[in-house]
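Remarks on the structure that follows.
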């Protein structure tokens with residue numbers, strides 16, 4: 529049973545401002561203790577990268593990285609090995625310049641040739657193997673994210689267990705997206721997994737990071753916590769009971785269904801949904817401590 533709040537971060541790609549460094553400074557000012565990067569951070573200008581890394585290191589922020597490659601496959605639907613190499617080198621750079629990257633996880637890869645609702649074991653295993661080879665010796669944990677019904681089939685505990693068997697010999701974990709899981713337990717056809725906290729406790733992989741946003745159990749709306757029917761208390765209770773050494777990350781969007789993703793940190797009040805979600809996590813975590 530864990531009691532102290534794990535690193536509480538925010539997904540930096542869902543904030544916008546004058547620079548990456550300005551976003552990091554906003555994260556620090558608002559008392560977050562972690563930050564998550566998406567692979568697009570590779571394109572940040574050199575000085576901005578150095579300044580952002582220095583600010584992260586000085587504040588001792590926990591860092592996680594999301595290295596998605598499904599949008600960069602070759603025309604034949606294979607991994608773009610040059611892109612993968614560049615991504616791995618970027619993770620190592622942040623690892624060396626921030627005081628450490630805790631984990632690098634990715635969305636399940638679905639090629640254009642795959643039928644709907646399938647999970648391509650071969651290409652996901654291949655990418656996991658490359659990350660394992662490139663990052664394990666640098667202390668970076670690697671993992672894969674759960675999805676939900678209607679996407680690539682990687683959401684039940686059995687799905688995850690089957691992939692573990694395919695990746696025998698590799699030390700892997702996962703990124704647990706609470707909003708995806710909420711859709712799975714409320715709208716999925718797998719009736720054995722119909723409650724969020726219980727579902728979390730059945731996961732057969734260690735969880736390196738949790739993503740938090742809310743929805744009504746049908747669409748991945750990325751709304752602030754408290755909007756929908758995500759049972760945050762049950763999930764955090766399960767996290768505390770099972771044990772967790774990773775990062776809690778807020779992945780709230782401005783209005784994803786309208787194609788608006790990022791909050792502008794320079795517009796007063798625009799980031800309030802992120803801050804309210806932060807406060808809700810802290811409040812529920814602390815209240816659970818008082819009841820023990």
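Residue numbers (the working numbering): 529 to 820. Note that the Cβ used here is the ideal one computed from N, Cα and C, for glycine as well. Keep in mind it's a predicted model, so treat the numbers as computed, not measured.
Sequence-distant residues of the same chain with beta carbon closer than 8 angstroms to residue i, five excluded per side
i: residue 816; result: 761, 764, 765, 768
i: residue 660; result: 670, 698, 699, 700
Exposure of residue i, with buried meaning 16 or more beta-carbon neighbours within 10 Å
i: residue 796; result: exposed
i: residue 577; result: buried
i: residue 788; result: exposed
i: residue 581; result: buried
i: residue 590; result: buried
i: residue 748; result: buried
i: residue 779; result: buried
i: residue 777; result: buried
i: residue 820; result: Caution applies to residue 820, whose pLDDT of 48 falls short of 50 and renders its modelled position unreliable; the value that the coordinates give is listed next. With fewer than 16 other Cβ atoms within 10 Å, it is exposed.
i: residue 705; result: buried
i: residue 782; result: buried
i: residue 662; result: buried
Supposed contact pair residue j and residue i - C-beta distance, whole angstroms, cut 8 angstroms
i: residue 638; j: residue 598; result: 6 angstroms
i: residue 560; j: residue 593; result: With 8 angstroms as the limit, residue 560 and residue 593 do not qualify as a contact, their Cβ atoms being about 16 angstroms apart.
i: residue 803; j: residue 558; result: 6 angstroms
i: residue 738; j: residue 688; result: That belief does not hold up - the Cβ atoms of residue 738 and residue 688 are roughly 15 angstroms apart, past 8 angstroms.
i: residue 583; j: residue 553; result: 6 angstroms
Contact set for residue i: own chain, Cβ-Cβ below 7 angstroms, skip 5 residues either direction
i: residue 684; result: 718, 721
i: residue 588; result: 627
i: residue 669; result: 630, 631, 701, 736
i: residue 727; result: 709, 713, 721
i: residue 695; result: 653, 656
Close Cβ partners of residue i (< 6 angstroms) along its chain, the five nearest in sequence each way excluded
i: residue 812; result: 760, 761, 764
i: residue 618; result: 570
Under the three-state DSSP convention, the category residue i falls into
i: residue 564; result: strand
i: residue 673; result: strand
i: residue 608; result: coil
i: residue 557; result: helix
i: residue 715; result: helix
i: residue 704; result: strand
i: residue 569; result: helix
i: residue 795; result: coil
i: residue 686; result: helix
i: residue 776; result: strand
i: residue 691; result: helix
Residue i versus residue j - alpha carbon distance
i: residue 648; j: residue 595; result: 17 angstroms
i: residue 604; j: residue 642; result: 12 angstroms
i: residue 664; j: residue 634; result: 15 angstroms
i: residue 601; j: residue 567; result: 14 angstroms
i: residue 609; j: residue 650; result: 15 angstroms
i: residue 655; j: residue 550; result: 32 angstroms
i: residue 541; j: residue 555; result: 12 angstroms
i: residue 746; j: residue 682; result: 17 angstroms
i: residue 808; j: residue 741; result: 11 angstroms
i: residue 725; j: residue 814; result: 17 angstroms
i: residue 691; j: residue 586; result: 38 angstroms
i: residue 752; j: residue 798; result: 12 angstroms
i: residue 572; j: residue 548; result: 8 angstroms
i: residue 658; j: residue 535; result: 27 angstroms
i: residue 612; j: residue 640; result: 18 angstroms
i: residue 754; j: residue 620; result: 36 angstroms
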